[in-house]
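First comes the structure, then the notes that go with it.
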Amino acid sequence: MKRLVAALVVISACGFALVPASGQGAGGSDHLEARVKAFFDARRGDWRDMNVPESDGQLLHDLVVKGGFKRALEIGTSTGRSGIWIALALSKTGGKLTTIDIDPGRHSEAVRNFKDAGVAALIDARLADAHELVPKLDGPFDFVFIDADKEWYTNYVKAVIPKLAVGGCIAAHNVYPGRGRRGGGMTGDYYEYVSGLPFLETTVTQGGVAISCKRREK
Ligand SMILES: C[S@@+](CC[C@H](N)C(=O)[O-])C[C@H]1O[C@@H](n2cnc3c(N)ncnc32)[C@H](O)[C@@H]1O
0 MKRLVAALVV
10 ISACGFALVP
20 ASGQGAGGSD
30 HLEARVKAFF
40 DARRGDWRDM
50 NVPESDGQLL
60 HDLVVKGGFK
70 RALEIGTSTG
80 RSGIWIALAL
90 SKTGGKLTTI
100 DIDPGRHSEA
110 VRNFKDAGVA
120 ALIDARLADA
130 HELVPKLDGP
140 FDFVFIDADK
150 EWYTNYVKAV
160 IPKLAVGGCI
170 AAHNVYPGRG
180 RRGGGMTGDY
190 YEYVSGLPFL
200 ETTVTQGGVA
210 ISCKRREK
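And the structure:
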């Protein structure tokens, strides 16, 4: 419950309307929502590849729906748990996700999971080194989720900021600013960097998801 309240506070702080995501949004379908739910129910307890917890998956989904985001990028697919949450949201906004992973085994399993969950048509899953691919992607993006090698987070964000649409958001996993630069581990520098940029508004959930949104001109 505490985490849900924190998530709602963050979404509110980022300027989105607090409208609960319904099972059916623009371009979405109750059928897909039910299929994804059934897939997640069947796989409960089976996510062992550094996947986001369910609460963070729900948070990503809600950010995309409430922001009306359509052009999404994920760095760090693993076996696809967060990608499925994001894709479900994109089914409601009419968007598409590009997701990248360097590991062939996890990439293959993610592709299988995307098919089984019914969201494959919404996802372009790339097997690639994100260090090389991200700077080459055209953009623009209005939602980016960074969840790969922690020591490269700041490089990733530097590569995606110029491609981030005004009003768009970057979410980054495992960012703990309260623990200080050292205690924040390899993502400590990331938080220092994004929170120092005047054109981004950054908030962090209790669970360590840093959400940085590009300010709209006033
Ligand atoms: C924490 S997991 C991602 C979890 C996923 N977002 C989820 O919730 O299901 C991190 C992933 O980043 C991938 N990764 C690490 N370095 C990478 C790189 N240079 N390029 C692409 N992917 C990378 C790893 O192979 C791993 O699968």
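In numbering that gives the first Met the number 0, the protein residues as written are 0 to 217. Every residue gets a Cβ at the ideal spot worked out from N, C-alpha and C, and that includes glycine.
- Relative to the non-hydrogen atoms of ligand 1, the Cβ of Thr76 comes within a distance shorter than 7 Å of at least one.
- Contact between Gly75 and Thr92 fails: their C-beta atoms lie close to 22 Å from each other, not under 8 Å.
- By the neighbour-count criterion, in which 16 or more other beta carbons inside 10 Å mark a residue as buried, Arg80 falls on the buried side.
- Closer than 7 Å to some heavy atom of ligand 1: that describes the Cβ of Met49.
- When DSSP assignments are scanned along the region 29-58, no uninterrupted stretch of beta strand (DSSP E) that is 3 or more residues long falls wholly within it.
- If the five residues before and after Val63 are omitted, its C-beta is found closer than 7 Å to the C-beta atoms of Ala71, Ile85, Ala88, Leu89, Thr92 and Phe142, all from its own chain and listed in chain order.
- Here the C-alpha atom of Ala119 lies approximately 7 Å from the C-alpha atom of Val110.
- Rounded to the nearest whole angstrom, the CA to CA distance from Val165 to Asn154 is 20 Å.
- Within 7 Å of the C-beta of Arg80 there is at least one heavy atom belonging to ligand 1.
- In the DSSP assignment, Val165 falls within the unbroken beta strand (DSSP E) covering Leu163 to Ala171.
- Following the DSSP letters along the chain, one finds Asp123 inside the beta strand (DSSP E) bounded by residues Ile122 to Leu126.
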